[in-house]
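Peer 1: In my numbering, the protein residues as written are 242 to 461.
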C-alpha cells in the first residue's frame, strides 16, 4: 500500500488528478426522491382541482336528451314555496323533475330546452309561470323599471328557445299562470306567439304568491 500511494503521488505530481468517488454526490442521490415528491404534489394538486369541478357538474348533465328527443330529467331548482307548489299543481311532476327537449347547441348551449311539464298524451309542452314578476296584477301590466325590463327580456329569450324546441319535435306550447292579472301581462309580452292560460282552479293551486312570493325573481 505505501508503494501504491507513492506511485499515485508521483503520477499526480506530473499531471493533475481528479479523484472519482464510488458514492455519487448528495444531489444525485436525491434526484429520484425529489422527482417522486414533485409527482406526488402534482397528483394532490390535480385532485384538489378536479374533484370540485366534477361536483360542480349539474345533475342533469348526464341526462341531456339527444336532439329531437323529449325526456323527463332531474334538476335542482331554487324557487319560492309558492312557485314550487304552483308548478307541481300545473304539471303534476314532483319537485326536482322537468321535461327536456334535446336541441342543437345553436339553440341552447346546454343542448336542451327545459319545460316545466307536458300533457298526458305528450302533445303539449307546458311552462308554469307563477309569482314574483314585476307585474301589477290588478291592472294586468308590467311595472316600469330596469328590473322589470330585464325580466321581460329574459322571458322573451326563453320563449324563443322554447318555440324553436317545440317546433323541432312537432309539439305545441302553453304557458299557464295563476290569475287573470298575470295572464294579461304575459299575453301583452308574448304578442300571441304562445298561448297563455289561467290554471284550472284546484284547492291545492295557489292563486297568489302572498308573502312567499315577494322578493323573488319569478320562475323561468
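Virtual Cβ for every residue (Gly too), placed ideally from N, Cα, C.
Which residues does DSSP pair with residue 338 in a beta bridge?
Peer 2: Mapped onto the chain shown, residue 338 falls at position 97. DSSP output for residue 338 lists 315 as bridge partner(s).
Peer 1: Skipping 5 residues on each side, what residues in its chain have a beta carbon closer than 8 Å to that of residue 364?
Peer 2: The count along the chain shown starts at 1 and reaches residue 364 at position 123. Once the five neighbours on either side are set aside, the close Cβ partners of residue 364 are 412 and 413.
Peer 1: DSSP beta-bridge partners for residue 353?
Peer 2: One-based indexing of the chain shown puts residue 353 at position 112. Partner(s): 343.
Peer 1: Taking 7 Å as the limit between beta carbons, can you name the residues of its chain near residue 448, skipping five residues before and five after?
Peer 2: Mapped onto the chain shown, residue 448 falls at position 207. Cβ neighbours of residue 448 beyond the five flanking positions: 419 and 420.
Peer 1: From the DSSP secondary-structure annotation, give me the bridge partner or partners of residue 415.
Peer 2: Here residue 415 refers to the residue found at position 174 of the chain shown. Residue 415 pairs with 367.
Peer 1: Would you list the residues sitting across from residue 359 in a DSSP beta bridge?
Peer 2: Translated into the one-based positions of the chain shown, residue 359 becomes position 118. In DSSP, residue 359 forms a bridge with 366.
Peer 1: Taking the CB atoms as reference points, tell me whether residue 342 and residue 313 lie closer together than 8 Å.
Peer 2: In the chain shown, the residue the question calls residue 342 occupies position 101. In the chain shown, the residue the question calls residue 313 occupies position 72. No, the Cβ-Cβ distance between residue 342 and residue 313 is not below 8 Å.
Peer 1: Mind checking residue 378: buried by the 16 CB within 10 Å criterion, or exposed?
Peer 2: Indexing the chain shown from 1 puts residue 378 at position 137. It counts as buried.
Peer 1: Given that a residue counts as buried once 16 or more other Cβ atoms are within 10 Å of its Cβ, and exposed if not, what is residue 332?
Peer 2: Sequence index remark: in the chain shown, residue 332 carries index 91 (1-based). So residue 332 ends up on the buried side.
Peer 1: Shortest alpha-carbon distance to residue 436 belongs to which of 315, 336, 370 and 277?
Peer 2: Along the chain shown, one-based indexing puts residue 436 at 195. Among 315, 336, 370 and 277, the Cα nearest to that of residue 436 is on 370.
Peer 1: Would you kindly check if the distance between the Cβ of residue 400 and the Cβ of residue 425 is under 8 Å?
Peer 2: Along the chain shown, read from residue 1 onward, the residue named residue 425 stands at position 184. Along the chain shown, read from residue 1 onward, the residue named residue 400 stands at position 159. Going by C-beta atoms, residue 425 is not nearer than 8 Å to residue 400.
Peer 1: Taking buried to mean at least 16 other C-beta atoms within 10 Å of its own C-beta, is residue 392 buried or exposed?
Peer 2: Here the question's residue 392 lines up with position 151 in the chain shown. Under this definition residue 392 is a buried residue.
Peer 1: Could you please give the first and the last residue of the uninterrupted beta strand (DSSP E) stretch that includes residue 438?
Peer 2: The sequence position of residue 438 within the chain shown is 197, counting from 1. Residue 438 -> beta strand (DSSP E) spans 437-439.
Peer 1: Using CA atoms only, rank isn't needed, just tell me which of 446, 357, 432 and 431 is closest to residue 317.
Peer 2: For the purposes of this step, residue 317 is taken as residue 76 along the chain shown, with counting starting at 1. Nearest C-alpha to residue 317: 357.
Peer 1: Whose CA, out of 338, 334 and 355, lies closest to the CA of residue 361?
Peer 2: As a position in the chain shown, residue 361 is number 120, starting the count at 1. Among 338, 334 and 355, the Cα nearest to that of residue 361 belongs to 334.
Peer 1: Assign residue 279 to buried or exposed, taking buried as 16 or more other Cβ atoms, counted over all protein chains shown, within 10 Å of its Cβ.
Peer 2: Here the question's residue 279 lines up with position 38 in the chain shown. By the 10 Å Cβ count, residue 279 comes out exposed.
Peer 1: Suppose you measure from the CA of residue 359 to the CA of residue 387; what does that come to, to the nearest Å?
Peer 2: One-based indexing of the chain shown puts residue 359 at position 118. One-based indexing of the chain shown puts residue 387 at position 146. Looking at the two C-alpha atoms, the distance is approximately 33 Å.
Peer 1: Looking at C-alpha atoms only, which residue of 375, 404, 416 and 422 is the closest neighbour of residue 390?
Peer 2: One-based indexing of the chain shown puts residue 390 at position 149. It is 375.
Peer 1: Run through DSSP, which three-state label would residue 423 get?
Peer 2: Your numbering for residue 423 matches position 182 in the chain shown. Looking at residue 423 - three-state DSSP - the assignment turns out to be helix.
Peer 1: Whose C-alpha, out of 336, 355 and 395, is nearest the C-alpha of residue 321?
Peer 2: Taking the first residue of the chain shown as position 1, residue 321 is located at position 80. Closest by alpha carbon: 336.
Peer 1: Give the C-beta separation of residue 415 and residue 385 to the nearest angstrom, bearing in mind that I take them to be a contact with Cβ-Cβ under 8 Å.
Peer 2: One-based indexing of the chain shown puts residue 415 at position 174. One-based indexing of the chain shown puts residue 385 at position 144. About 28 Å separates the two Cβ atoms, so there is no contact after all.
Peer 1: Buried or exposed, going by whether 16 or more other CB atoms sit within 10 Å of the CB of residue 355?
Peer 2: In the chain shown, counting from the first residue as 1, residue 355 sits at position 114. Buried: at least 16 other Cβ atoms inside 10 Å.
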